[in-house]
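Scroll down for the structure; my scribbles are underneath it.
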Amino acid sequence: MTVQRLLIIGGVAGGASAAARARRLSEKAEIIVFERGPFVSFANCGLPYHVGGEIPARDDLLLQTPASLKARFNLDVRVENEVLAIDRAARKVRVRDLSNGREYEESYDALILAPGAAPLRPPIPGIDRQGHFVVRNIPDVDAIQTWLRPGVAERAVVVGGGYIGLEMAEQLRRRQLHVTVVEALPQVMAPLDPEMAAWLHLELQANGVDLRLNDPVAAFEPPREGENARASVVVLRSGARLPADVVILGLGVKPETALARSAGLEIGPKGGIRVNEHLQTSDPVIYAVGDAIEVRDWVTGAPALIPLAGPANRQGRLAADHIFGLPARYDGTLGTAVLRLFRLTAGCTGANEKSLKQAGMPHQALHLHPGSHAGYYPGAQPLAMKILFDPVNGRLLGAQVVGVDGVDKRLDVLATALKARLTVDDLAELELAYAPPFGSAKDPVNLAGMAAQNVRRGLVSLAQWSEVLQFNPAETFLLDVRSPEECARGMIPGAVNIPLPQLRRRLGELPQDRPIIVHCQSGQRSYFACRLLMQNGFKVRNLTGSYRTWDAAMRGGAART
Numbered sequence: 001m002t003v004q005r006l007l008i009i010g011g012v013a014g015g016a017s018a019a020a021r022a023r024r025l026s027e028k029a030e031i032i033v034f035e036r037g038p039f040v041s042f043a044n045c046g047l048p049y050h051v052g053g054e055i056p057a058r059d060d061l062l063l064q065t066p067a068s069l070k071a072r073f074n075l076d077v078r079v080e081n082e083v084l085a086i087d088r089a090a091r092k093v094r095v096r097d098l099s100n101g102r103e104y105e106e107s108y109d110a111l112i113l114a115p116g117a118a119p120l121r122p123p124i125p126g127i128d129r130q131g132h133f134v135v136r137n138i139p140d141v142d143a144i145q146t147w148l149r150p151g152v153a154e155r156a157v158v159v160g161g162g163y164i165g166l167e168m169a170e171q172l173r174r175r176q177l178h179v180t181v182v183e184a185l186p187q188v189m190a191p192l193d194p195e196m197a198a199w200l201h202l203e204l205q206a207n208g209v210d211l212r213l214n215d216p217v218a219a220f221e222p223p224r225e226g227e228n229a230r231a232s233v234v235v236l237r238s239g240a241r242l243p244a245d246v247v248i249l250g251l252g253v254k255p256e257t258a259l260a261r262s263a264g265l266e267i268g269p270k271g272g273i274r275v276n277e278h279l280q281t282s283d284p285v286i287y288a289v290g291d292a293i294e295v296r297d298w299v300t301g302a303p304a305l306i307p308l309a310g311p312a313n314r315q316g317r318l319a320a321d322h323i324f325g326l327p328a329r330y331d332g333t334l335g336t337a338v339l340r341l342f343r344l345t346a347g348c349t350g351a352n353e354k355s356l357k358q359a360g361m362p363h364q365a366l367h368l369h370p371g372s373h374a375g376y377y378p379g380a381q382p383l384a385m386k387i388l389f390d391p392v393n394g395r396l397l398g399a400q401v402v403g404v405d406g407v408d409k410r411l412d413v414l415a416t417a418l419k420a421r422l423t424v425d426d427l428a429e430l431e432l433a434y435a436p437p438f439g440s441a442k443d444p445v446n447l448a449g450m451a452a453q454n455v456r457r458g459l460v461s462l463a464q465w466s467e468v469l470q471f472n473p474a475e476t477f478l479l480d481v482r483s484p485e486e487c488a489r490g491m492i493p494g495a496v497n498i499p500l501p502q503l504r505r506r507l508g509e510l511p512q513d514r515p516i517i518v519h520c521q522s523g524q525r526s527y528f529a530c531r532l533l534m535q536n537g538f539k540v541r542n543l544t545g546s547y548r549t550w551d552a553a554m555r556g557g558a559a560r561t
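Heads up: the sequence shown begins at 1 in this note's numbering, then just goes up one per residue.
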């Protein structure tokens, strides 16, 4: 296919990346980018931080302008120009210039769709009241900034506990507003498993955020007498009434597929534009990238909607490569993502336990709590790590990490391991950078691999935190091998404390007729105890993640999921 005219519908991540790559591959092609909004290339992931003042200058969000793209890449960028229809037979699009209402046509040899995804606005009564905002583009945050002028907003309600909702909650607290987060699900940040999301629940509460889980919004109402709410009163299914001076709607997004549907392009089962491995739609000269498309989950192989900036940028580049004759293949998305929430960083990559169960894939879950760097160097902080792996072949399937320091570093290593289809044996053998301020001689990633090796080699069997919820002392003996001082600060109900240094001489106190679940604070000492007990004929399992995981799950409400 010889491409002399390339049209791109949509800018930001996927569209702008495709345009710039296309120009680098072809100096002669005419490249036109249509963007219906006023900005073609902006940092949408930075929008919450501008609201909170961490990015003080609005212009810092503008990555490129039509003028800069024209000067650097000779691109014809037309903002406030909306593509109304695609005539596939004639290979033309019909466009409306929103500044004057004029309509015109442009022809193409190849077309890239990058329309993105639109914020969800379900038909909740009163959702369109004044003072309710989504966070998708610069005009959105301009409107929020205008509404939040000093002295007129004290209470905010954030509806939705996903990435945008949590980032906005953090930034509104930074502006000293009283913030409530309302989430219809029993947990925030759905890509995390419940016991890992529990750490975020605790962090929100520790920073003064009122967290309402498993309680969806029923209506947005005007204030009654005695209720002071500049925006609306958020009424929950439970009947709770939350007066709000500003409401942030972070209910998720849906792919923008109207243009593709009207052109007769195939839509996938998840509601996104269906594309092949080359990012071609059902029309081979029309490509689609970014939040509007349906991708293949890298681990499960299932269709998925994963609206993230990193994949969108890569997809834009690959689409341009394929159009101009370079080998290009998009094999799927890992869903690697990271979030800062006050002091904590939380992230995930690959599959979570929920998706693996849904896909019917065998898996083993393992928790551990290594230090962010060498314990003898000041400032080390514990990480909460969870890895999921195939118990038969040891292939890594997913990972989640939460902590104060060193989370993104480990997450990126684990994402790379997933992409390379490495096993837990490979994790144990990775040679990673070490110096006391940065890590340990056995990095947390190495330790995760080594712990998983022990499971696969039969050196230890695992029990999960959720099993302890149904603990029956008549059927199972729960052994706590921590020190008495640690136990004084909290114990799992029904556990019996025998400190690890005393265990060998107190074996007679343990039952031979019941399985034993052993735990310590984080899992290492209880592993030592398991090896001791197994070699003395006891039926024993290690509580993976031990007391630290169980305690966070209980205090953070994971048991309700």
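Quick reminder that beta carbons are idealized off the backbone N, C-alpha and C, glycines included. This one's a predicted model, so the numbers in the text were calculated from it and none came from an experiment.
Under 8 Å, do residue i and residue j count as touching if we go by C-beta distance?
| i | j | result |
| --- | --- | --- |
| ALA384 | VAL402 | yes |
| CYS530 | TYR547 | no |
| VAL246 | ALA156 | yes |
| ASN137 | PHE34 | no |
| SER238 | ASP210 | no |
| ASN313 | ALA20 | no |
| ALA118 | VAL253 | yes |
| THR300 | SER355 | yes |
| VAL51 | VAL182 | no |
| GLN400 | LEU192 | yes |
| GLY10 | SER41 | no |
| ARG457 | THR423 | no |
| GLY439 | LEU432 | yes |
| LEU202 | ARG555 | yes |
| HIS373 | PRO382 | no |
| THR428 | LEU397 | For the sequence presented, residue 428 should be read as Ala rather than Thr. Cβ atoms of ALA428 and LEU397: not closer than 8 Å. |
| GLU82 | SER99 | no |
| SER232 | ARG129 | yes |
| LEU318 | LEU259 | no |
What is the DSSP secondary structure of residue i, reduced to helix, strand or coil?
| i | result |
| --- | --- |
| LEU418 | helix |
| PHE324 | coil |
| GLN535 | coil |
| VAL152 | coil |
| ARG78 | strand |
| ALA244 | strand |
| THR544 | coil |
| ASN313 | helix |
| GLY371 | strand |
| VAL392 | coil |
| ASP97 | strand |
| THR423 | strand |
| TYR163 | helix |
| ASN137 | coil |
| ILE144 | helix |
How long is the line joining the alpha carbons of residue i and residue j, rounded to whole angstroms?
| i | j | result |
| --- | --- | --- |
| GLU475 | ILE517 | 11 Å |
| ALA71 | GLY116 | 26 Å |
| GLY371 | LYS270 | 40 Å |
| GLY268 | LEU334 | 19 Å |
| GLU486 | ARG274 | 55 Å |
| MET168 | ILE248 | 8 Å |
| ALA553 | ASN276 | 40 Å |
| ARG296 | SER26 | 30 Å |
| ARG23 | LEU75 | 8 Å |
| ALA568 | VAL407 | Here the chain covers residues 1 to 561 and nothing more, so residue 568 does not appear. |
| VAL496 | ASP412 | 39 Å |
| ALA448 | GLU103 | 59 Å |
| SER526 | GLY557 | 25 Å |
| GLY494 | LEU478 | 7 Å |
| GLY126 | GLU221 | 6 Å |
| GLY46 | GLN145 | 14 Å |
| ALA451 | ARG482 | 20 Å |
| ALA460 | GLU467 | This sequence places Val at residue 460; Ala is not what is there. VAL460 and GLU467: Cα-Cα distance of roughly 17 Å. |
| LEU6 | GLY523 | 57 Å |
| ALA240 | PRO123 | 19 Å |
Which residues share a DSSP beta bridge with residue i?
| i | result |
| --- | --- |
| GLN400 | CYS348 and LYS386 |
| PHE528 | None; PHE528 has no bridge partner. |
| GLN280 | TYR287 |
| TYR376 | Note: TYR376 sits in no beta bridge, so no partner. |
| THR65 | DSSP output for THR65 lists no bridge partner at all. |
Original post:
Counting Cβ pairs closer than 8 Å, one from the region 364-381 and one from the region 58-75, do we hit at least three?
Top reply: no
Original post:
Does the region 110-122 come within contact of the region 270-286, defined as at least 3 CB pairs closer than 8 Å?
Top reply: yes
Original post:
Three or more beta-carbon pairs under 8 Å between the region 340-350 and the region 163-179, yes or no?
Top reply: Yes, the region 340-350 touches the region 163-179.
Subject >> At least 3 beta-carbon pairs within less than 8 Å: the region 499-512 vs the region 526-546 >> reply: yes
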